[in-house]
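A.B. asks: Numbering (this note's numbering), first residue to last: 162 to 364.
We treat Cβ as the ideally placed atom computed from N, Cα and C, and that holds for glycine.
Submitted below is the structure of interest, expressed as structure tokens.
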């Protein structure tokens, strides 16, 4: 079972990293630029409102049954979720703080590091936490219908061969992965909130 566990965890981690790398700039730009937000946010709403399983047949046509299709599905689903939350966090930053950074002639990197990132970090961690259940559900579906490895494939294969002990063990393992993920994200969320407070005090 271990290879299947590692396959699922690998797909989940890579998907989250890709989604964050893409959604962070998109969310920040939409949150700070009204014109961009006006034209781009409707597409984010559309993608967020669609059932994410609908993307699976299209992705399979182009990417096949390998890891890339599962990672693409999860990354796409998480992208819309993360982008909207990061956009809202960026919008909530008071304009006087933005004007202060401009008056201090801060570079874009300094503005991001000292203003945008501290403001958005708790939201990002919270988004990771709230999306974990959805991510595991999508991963299970993708591995069930379009994979040769992973816990989803392992569970369905055990069910088809009537190996019920193995099936239940894999299901419990999937639940434990989710539980550990939530516990780790709780710790990360507490750290992010305390780090944000420390940043404001120091500034």
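Where are the alpha helix (DSSP H) runs, 4 residues long or more, that stay fully inside the segment 203-286, in chain order?
C.D. replies: DSSP runs (the alpha helix (DSSP H)) wholly in the segment 203-286: 216-224, 228-252, 256-264 and 269-272.
A.B. asks: By Cβ distance, which residues of its chain are closer than 6 Å to residue 311, with the 5 residues on each side in sequence left out?
C.D. replies: The residue given as residue 311 occupies position 150 in the chain shown. Cβ neighbours of residue 311 beyond the five flanking positions: 165, 168, 169 and 304.
A.B. asks: Would you mind stating whether residue 346 and residue 247 have Cβ atoms separated by less than 9 Å?
C.D. replies: The residue given as residue 346 occupies position 185 in the chain shown. The residue given as residue 247 occupies position 86 in the chain shown. No, the pair does not count as a contact, with Cβ atoms beyond the cut-off.
A.B. asks: In its own chain, which residues sit with a C-beta less than 8 Å from the C-beta of residue 343, not counting the 5 before and 5 after it?
C.D. replies: Residue mapping note: residue 343 aligns to position 182 of the chain shown, counting from 1. Result list for residue 343: 290 and 293, in chain order.
A.B. asks: Would you kindly work out how many angstroms separate the C-alpha atoms of residue 329 and residue 317, rounded to a whole number?
C.D. replies: The residue labelled residue 329 in the question sits at position 168 within the chain shown. The residue labelled residue 317 in the question sits at position 156 within the chain shown. Between residue 329 and residue 317, the C-alpha separation is close to 11 Å.
A.B. asks: For residue 245 versus residue 202, is the C-beta spacing smaller than 9 Å?
C.D. replies: One-based indexing of the chain shown puts residue 245 at position 84. One-based indexing of the chain shown puts residue 202 at position 41. Contact flag set, yes.
A.B. asks: Less than 9 Å between the beta carbons of residue 413 and residue 213, yes or no?
C.D. replies: Shown here, the chain extends from 162 to 364; a query on residue 413 therefore has no answer.
A.B. asks: Rounded to the nearest angstrom, what separates residue 262 and residue 190 at their Cα positions?
C.D. replies: As a working mapping, residue 262 is identified with position 101 in the chain shown. As a working mapping, residue 190 is identified with position 29 in the chain shown. If I take the Cα positions, the gap works out to 17 Å.
A.B. asks: So residue 231 packs on residue 193, CB below 8 Å; how close in whole Å?
C.D. replies: Taking the first residue of the chain shown as position 1, residue 231 is located at position 70. Taking the first residue of the chain shown as position 1, residue 193 is located at position 32. Not a contact, Cβ separation roughly 33 Å.
A.B. asks: Quick one: any contact between the segment 251-260 and the segment 270-290, if contact means 3 or more CB pairs under 8 Å?
C.D. replies: Cβ pair count under 8 Å is three or more, so yes.
A.B. asks: Please work out which residues of its chain come closer than 7 Å, Cβ to Cβ, to residue 315, disregarding the five sequence neighbours upstream and downstream, and give them in chain order.
C.D. replies: Taking the chain shown and counting its residues from 1, the one referred to as residue 315 is at position 154. Answer for residue 315: 162, 165 and 331, listed in chain order.
A.B. asks: What is the DSSP secondary structure of residue 308, counted as helix, strand or coil?
C.D. replies: Taking the chain shown and counting its residues from 1, one reaches residue 308 at position 147. Reduced to three states, the DSSP call for residue 308 is coil.
A.B. asks: Helix, strand or coil, according to DSSP, for residue 361 in the structure here?
C.D. replies: Sequence index remark: in the chain shown, residue 361 carries index 200 (1-based). In this predicted model, residue 361 has a pLDDT of only 49, less than 50, meaning its place in the structure is not dependable enough to derive any value.
A.B. asks: If residue 241 and residue 208 are in contact, beta carbons under 8 Å, what's the gap, nearest whole angstrom?
C.D. replies: Sequence index remark: in the chain shown, residue 241 carries index 80 (1-based). Sequence index remark: in the chain shown, residue 208 carries index 47 (1-based). Yes, residue 241 and residue 208 are in contact; Cβ-Cβ is about 4 Å, under 8 Å.
A.B. asks: Just curious, the alpha helix (DSSP H) that residue 178 is in, first and last residue?
C.D. replies: One-based indexing of the chain shown puts residue 178 at position 17. Counting along the chain, the alpha helix (DSSP H) containing residue 178 begins and ends at 163-193.
A.B. asks: If you compare alpha carbons, which of 268, 297 and 179 is closest to residue 336?
C.D. replies: Counted from its first residue, the chain shown places residue 336 at position 175. Comparing Cα-Cα distances from residue 336 to each of 268, 297 and 179, the minimum goes to 297.
A.B. asks: Might you give, ordered along the chain, the residues of its own chain that have their beta carbon closer than 6 Å to the beta carbon of residue 179, omitting 5 neighbours on each side?
C.D. replies: Walking along the chain shown from the start, residue 179 turns up at place 18. Once the five neighbours on either side are set aside, the close Cβ partners of residue 179 are 236.
A.B. asks: Measuring straight from C-alpha to C-alpha, what distance separates residue 195 and residue 333?
C.D. replies: The residue you call residue 195 lines up with position 34 of the chain shown. The residue you call residue 333 lines up with position 172 of the chain shown. Looking at the two C-alpha atoms, the distance is approximately 46 Å.
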